[in-house]
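Chains as they are written, first to last, in the numbering used here: chain A, 1 to 231; chain B, 1 to 212.
Listed below in C-alpha cells is the structure:
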C-alpha cells in the first residue's frame, strides 16, 4: 500500500468518518491516521460537527399548515383532472378519425370502450409537459413541447412555421397549396400562447392541424380532423 | 386529498445506523407504485406521495433557506412541479431522489430570488434571519441552550458556501448516501465527499464557541 500525504487523506476524511469508503481506501486512511495527529484532529472535527447536525431539527410544521398546503395541491390536481377530461373528449374524437377507413366513413365507438391509440397517448402526455410520439397513419410524426413561459409572438412564429412545414410536406412541391383547407382559425391563433410545435409531418393533405390552448396556461391540445369536401 | 391531517405518514428520515439498503429499496418500490397509480389517474396516489415525503422535503428546504415559511413555500412549489412533471418522470432514479433534486433546485432558486429582492429593497423585514452569533444570550436551561444552538446552526449553515451546504444538508441532515447525493446533484461521489468535508470544516469554524 502506498503512503498518502495529508492532502490526499483529507479528501477522504469525510468519507472515512461516514463509513462511505471502500475497504482499500479505508485501510489507507487508517494507516495514515496512526501516525498523523493533525489529520486525527480533523477527523474528530468531522465527527463532532456531524453529531451536532444530527441532533438539529427544523421547527415543526403545524398540522393546519400542512392541511392548507394539501388543499392547495388538491386544487392543482383537480384542475389537472378537469383538463384531462377535456382532452379525453377531444382524443375520443381523434381516435374516431384514426379508426375511420375511407370506404366506411366514421365509426361509432362503443360507450366505455378504450381505444389507446398512440395519438391518444401523445395527447395525454402532452398534458404533463412534453411528448414525442408517432401516431398511426396520417399524422406521421408529432413532437410537442410545452412552453408555458414563451412569449406569445414566439409561439405564433413557431406555430405558423410548423403549419407551413406541414403543408409543404403534405401536398408536395408540385402540388398547389390549398391553404384554405387548413382550418387554423385566425382568432384562435391570436389567443393561444402556450405551445411550441417543433415538428409536424403530414402525409395526407386532406387533414388539417388545429391547436387549442386550455384554460391553464401550460396546457395545449393538438387536433387532427378531415377537411370538409367541397361537395 | 381531503385535508384531514395526521402525524407524518411518510417514512422516517433515514438514520445511517438503522437505514438498510433493503429498507430503502422497499420504500423506493412503494413510491414507484404510487407514481404508477398517479400516472394512471389515481389522484389519491399523489396525496400519498405528498404525505410520505413532505416532511423530508421541508427539512431540506428549511436547512437550505433557514426560514420555515420560505421552506414551506418551496415544498408547495416542489409538489406542484411533481404534479406537472410526473408524466415525464421515467423512474431512472428513485422518486425520492427526483423529488429531492426538485426541492434542492427550488430552494436555491428561491434563495437567489430572495437575495435579489433584498438587494432591491430597504425594507428591514426582508433581510435574512437575525444573527445568532455575536451577542448571544445565555440561559441556564437546557431548552434555551438548545434553541440557541439551533439558531446558531441555522445561521452558520447560511454562511457555508451553497454547493457545500447542499451536499451536507442532503447527506448529514437527510440521511442520503454519498451515491444518492451524487445522483441528486449530478456530481461524482468524490466531489460529494470533498464538499461535505469542506462544509463540516467551515461549520466547525463558525460554531467554535458553541460546540467547543
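Heads up, the beta-carbon is just placed ideally off N, CA and C, and yes, glycines get one too. Fair warning: this is a prediction, and the values are worked out from it, not measured in the lab.
**Prompt:** Exposed or buried, what is residue 6/A when buried is set at 16 or more other beta-carbons lying within 10 Å of its beta-carbon?
**Reply:** Here residue 6/A is taken as the residue at index 6 of the first chain, counted from 1. Result: exposed.
**Message:** Just to confirm, is the Cβ distance from residue 58/A to residue 62/B under 7 Å?
**Reply:** On the first chain, residue 58/A is found 58 positions in, with the first residue counted as 1. On the second chain, residue 62/B is found 62 positions in, with the first residue counted as 1. Going by C-beta atoms, residue 58/A is nearer than 7 Å to residue 62/B.
**Prompt:** Alpha carbon to alpha carbon, what distance is there between residue 200/B and residue 21/B?
**Reply:** Within the second chain, the letter at position 21 stands for residue 21/B. Within the second chain, the letter at position 200 stands for residue 200/B. So the alpha carbons of these two residues sit roughly 25 Å apart.
**Request:** Just the C-alpha distance for residue 205/B and residue 41/A, rounded to the nearest angstrom, thanks.
**Result:** Position 205 of the second chain, counted from the start, is the residue given in the question as residue 205/B. Position 41 of the first chain, counted from the start, is the residue given in the question as residue 41/A. When rounded, the distance between both Cα atoms is 13 Å.
**Asked** Can you find a CB in chain B that lies within less than 7 Å of the CB of residue 56/A?
**Response** Here residue 56/A refers to the residue found at position 56 of the first chain. Interface residue, yes.
**For residue 78/A, the nearest candidate out of 83/B, 77/B, 78/B, 76/B (CA to CA)** = Translated into positions along the first chain, residue 78/A becomes position 78. Among 83/B, 77/B, 78/B, 76/B, the Cα nearest to that of residue 78/A belongs to 83/B.
**Asked** Quick one, which of 114/B, 167/B, 43/B, 190/B has its alpha-carbon nearest residue 101/B's?
**Response** Stepping through the second chain from its first residue, residue 101/B is reached at position 101. Among 114/B, 167/B, 43/B, 190/B, the Cα nearest to that of residue 101/B belongs to 167/B.
**Prompt:** In its own chain, which residues sit with a C-beta less than 8 Å from the C-beta of residue 43/A, not counting the 5 before and 5 after it?
**Reply:** As a first step, residue 43/A is located in the first chain; it is residue number 43 there, counting from the start. Within the same chain, residue 43/A has close Cβ partners 13, 16, 17, 33.
**Asked** Hey, is residue 69/A's beta-carbon within less than 7 Å of any beta-carbon in chain B?
**Response** By one-based count along the first chain, residue 69/A stands at place 69. For residue 69/A, the answer is yes, since a Cβ of chain B falls inside 7 Å of its Cβ.
**Prompt:** List, in order along the chain, the chain B residues whose C-beta lies closer than 7 Å to that of residue 14/A?
**Reply:** Working through the first chain from its first residue, we reach residue 14/A at position 14. 193, 196, 197, 200, listed in chain order.
**Message:** Do residue 86/B and residue 157/B have their beta-carbon atoms positioned less than 7 Å apart in this structure?
**Reply:** The sequence position of residue 157/B within the second chain is 157, counting from 1. The sequence position of residue 86/B within the second chain is 86, counting from 1. Taking 7 Å as the Cβ cut-off, residue 157/B and residue 86/B do not qualify as a contacting pair.
**Prompt:** Between which two residues does the alpha helix (DSSP H) containing residue 57/A stretch?
**Reply:** Translated into the one-based positions of the first chain, residue 57/A becomes position 57. Element bounds for residue 57/A: n/a, residue is neither H nor E.
**Request:** Note down the Cα distance separating residue 28/B from residue 51/B, rounded to an integer number of angstroms.
**Result:** Taking the second chain and counting its residues from 1, the one referred to as residue 28/B is at position 28. Taking the second chain and counting its residues from 1, the one referred to as residue 51/B is at position 51. The straight-line gap from Cα to Cα measures roughly 15 Å.
**Request:** Within 10 angstroms of the Cβ of residue 209/B, are there 16 or more other Cβ atoms? Answer buried if so, exposed if not.
**Result:** In the second chain, the residue the question calls residue 209/B occupies position 209. Result: exposed.
**Request:** Could you check if residue 3/A is buried or exposed, using at least 16 other CB atoms within 10 Å of its CB as the buried criterion?
**Result:** As a working mapping, residue 3/A is identified with position 3 in the first chain. Counting Cβ neighbours within 10 Å, residue 3/A comes out exposed, since fewer than 16 surround it.
**Request:** Would you decide whether residue 207/B is buried or exposed? Buried here means 16 or more other CB atoms lie within 10 Å of its CB.
**Result:** Counting from one through the second chain, the residue named residue 207/B turns up at place 207. Burial call: buried.
**Message:** Taking 8 Å as the limit between beta carbons, can you name the residues of its chain near residue 173/B, skipping five residues before and five after?
**Reply:** Position 173 of the second chain, counted from the first residue, corresponds to residue 173/B. Only 59, 60, 63 meet the Cβ criterion.
**Prompt:** Could you check where the alpha helix (DSSP H) with residue 85/B kicks off and where it finishes?
**Reply:** Counted from its first residue, the second chain places residue 85/B at position 85. Here the alpha helix (DSSP H) through residue 85/B covers 68-85.
**Item:** Span separating the alpha-carbon of residue 105/B from that of residue 163/B
**Value:** Within the second chain, residue 105/B is the residue found at index 105, counting from 1. Within the second chain, residue 163/B is the residue found at index 163, counting from 1. Between residue 105/B and residue 163/B, the C-alpha separation is close to 11 Å.
**Members of the segment 20-37 of chain A near chain B, C-beta cut-off 7 Å** = 20
**Prompt:** What is the DSSP secondary structure of residue 213/B, counted as helix, strand or coil?
**Reply:** Since the first and last residues shown for chain B are 1 and 212, residue 213/B lies out of range.
**Request:** Consult DSSP for residue 45/A and reduce its assignment to one of helix, strand or coil.
**Result:** Start at 1 with the first residue of the first chain, and residue 45/A comes out as number 45. Note: residue 45/A maps to helix in three-state DSSP.
**Prompt:** Counting only beta-carbon atoms, is residue 79/B nearer than 7 Å to chain A?
**Reply:** For the purposes of this step, residue 79/B is identified with residue 79 of the second chain, where counting begins at 1. It does: the Cβ of residue 79/B has a partner Cβ on chain A nearer than 7 Å.
**Item:** Closest by C-alpha distance to residue 96/B, when choosing among 32/B, 70/B, 154/B
**Value:** Start at 1 with the first residue of the second chain, and residue 96/B comes out as number 96. Residue 32/B is the option with its Cα nearest to residue 96/B.
**Request:** Quick one: residues in its chain with C-beta nearer than 7 Å to the C-beta of residue 193/B, no 5 flanking neighbours on either side, listed in chain order?
**Result:** Position 193 of the second chain, counting from 1, holds the residue named residue 193/B. 178.
**Asked** Helix, strand or coil for residue 7/A per DSSP?
**Response** Looking up residue 7/A in the first chain gives position 7. It is helical.
**Prompt:** Closer than 7 Å, CB to CB, is residue 163/B near chain C or not?
**Reply:** Given the protein chain composition of this structure (A and B), no chain C is represented.
**Asked** Candidates 66/B, 26/B, 40/B, 88/B: which alpha carbon is nearest residue 165/B's?
**Response** Within the second chain, residue 165/B is the residue found at index 165, counting from 1. Ranking 66/B, 26/B, 40/B, 88/B by Cα distance to residue 165/B puts 66/B first.
**Item:** Where the alpha helix (DSSP H) containing residue 179/B begins and where it ends
**Value:** On the second chain, position 179 is the one that residue 179/B refers to. Residues 178-185.
**Prompt:** Would you report the Cα separation of residue 189/B and residue 155/B, rounded to the nearest angstrom?
**Reply:** Locating residue 189/B in the second chain gives position 189, counting from the first residue. Locating residue 155/B in the second chain gives position 155, counting from the first residue. Residue 189/B and residue 155/B: Cα-Cα distance of roughly 27 Å.
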